[in-house]
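Taking it in order: structure first as structure tokens, then the write-up.
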Amino acid sequence: MSSGQDQSKSKYKDTVNLPETPFPMRGDLATREPEILKNWDATKLYSRIQEARNGAPTFLLHDGPPYSNGNIHYGHILNKILKDIVVKSRTMVGFRTPYVPGWDTHGLPIELAVERELADKRKSMSSADVRQACKEYALKFVDIQRAEFKRLGVLGDWDRPYLTLDAKYEGAIARALATFARNGYLYRGKKPVSWCPRDKTALAEAEIEYKDKTSPSVYVKFPLRTEDWAGKLDPQLE
Numbered sequence: 010m011s012s013g014q015d016q017s018k019s020k021y022k023d024t025v026n027l028p029e030t031p032f033p034m035r036g037d038l039a040t041r042e043p044e045i046l047k048n049w050d051a052t053k054l055y056s057r058i059q060e061a062r063n064g065a066p067t068f069l070l071h072d073g074p075p076y077s078n079g080n081i082h083y084g085h086i087l088n089k090i091l092k093d094i095v096v097k098s099r100t101m102v103g104f105r106t107p108y109v110p111g112w113d114t115h116g117l118p119i120e121l122a123v124e125r126e127l128a129d130k131r132k133s134m135s136s137a138d139v140r141q142a143c144k145e146y147a148l149k150f151v152d153i154q155r156a157e158f159k160r161l162g163v164l165g166d167w168d169r170p171y172l173t174l175d176a177k178y179e180g181a182i183a184r185a186l187a188t189f190a191r192n193g194y195l196y197r198g199k200k201p202v203s204w205c206p207r208d209k210t211a212l213a214e215a216e217i218e219y220k221d222k223t224s225p226s227v228y229v230k231f232p233l234r235t236e237d238w239a240g241k242l243d244p245q246l247e
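Straight run, no breaks: the sequence shown in this note's numbering ends on number 247.
Put into structure tokens, the structure is as follows:
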């Protein structure tokens, strides 16, 4: 295209009444999203939202805590974003929606991860030292996951989460259990549980992994006995 045609096209474009906007034509999300999140923190957006809804009906979402045993995965992402949509939608219709995130800092997944890290060193460590290593490992991934969840844009009281290793949390569990016992809701009985012979601990359903196995099946044919144990004919077979 010649320079004359370029100038002609430019003049024609200037005759069209196009609206002008300060918004950029491209999202540039890799840069913009961290800037937005930084602004949310600087302006204390979550606290201001709660203050603005002070006195309004409360909507609480009880969020089951994830294990703090690694980086978040797509399951965490889907779970947290869907719950964040619920909380924010309730805020928009007038509810006060305090959201307190939490982490499960106990459990076999954390123990196994620490055991892999310690390797042979584990054999020379006391139980107390292993527990301390598990605590440090869990708290490390609490900080990592918190940053990752905030990067998703999830609003919450991230500075004051609940942790299952917190003494106040453990004390609350003990008090609740004592209340159940006093009210007669506890009983001793037998129940089948999955047991790990290596770690010598009971396993939750989520911790059990199944493996398909093909086994030979043998069908044996036996003669049908038509008399019961007393030698009388079974009336159902008459």
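Idealized CB from N, CA, C, for every residue including glycine.
Beta-bridge pairing of residue i - partner residues as DSSP gives them
i, result
"residue 113", "76"
"residue 171", "111"
"residue 105", "67"
N- and C-terminal bounds of the beta strand (DSSP E) containing residue i
i, result
"residue 210", "210-212"
"residue 203", "203-205"
C-alpha gap between residue i and residue j, whole angstroms
i, j, result
"residue 124", "residue 52", "42 Å"
"residue 177", "residue 70", "21 Å"
"residue 73", "residue 41", "31 Å"
"residue 120", "residue 143", "6 Å"
"residue 43", "residue 27", "31 Å"
"residue 187", "residue 166", "29 Å"
"residue 180", "residue 101", "36 Å"
"residue 207", "residue 218", "15 Å"
"residue 133", "residue 209", "19 Å"
"residue 130", "residue 115", "21 Å"
"residue 31", "residue 83", "35 Å"
"residue 158", "residue 96", "15 Å"
"residue 202", "residue 231", "35 Å"
"residue 139", "residue 146", "10 Å"
Short Cβ contact (7 Å threshold) for residue i with residue j
i, j, result
"residue 204", "residue 213", "no"
"residue 78", "residue 122", "yes"
"residue 111", "residue 196", "no"
"residue 154", "residue 81", "yes"
"residue 148", "residue 55", "no"
"residue 113", "residue 173", "yes"
Endpoints, the alpha helix (DSSP H) within which residue i is located
i, result
"residue 136", "136-160"
"residue 56", "54-61"
"residue 218", "Premise fails: residue 218 is in no alpha helix (DSSP H) and is neither H nor E."
"residue 178", "176-191"
Selected residue, minimal CA-CA separation from residue i, among the options
i, options, result
"residue 215", "103, 62, 117, 82", "117"
"residue 49", "207, 162, 158, 226", "162"
"residue 58", "130, 98, 183", "98"
"residue 169", "129, 131, 107", "107"
"residue 66", "91, 32, 103, 35", "103"
"residue 6", "35, 105, 200", "As displayed, the chain neither begins before 10 nor continues past 247, which places residue 6 out of reach and without an answer."
"residue 68", "47, 46, 93", "93"
Contact with chain C by residue i, beta-carbon distance below 7 Å
i, result
"residue 81", "The chain inventory of the structure shown lacks chain C, comprising one protein chain alone."
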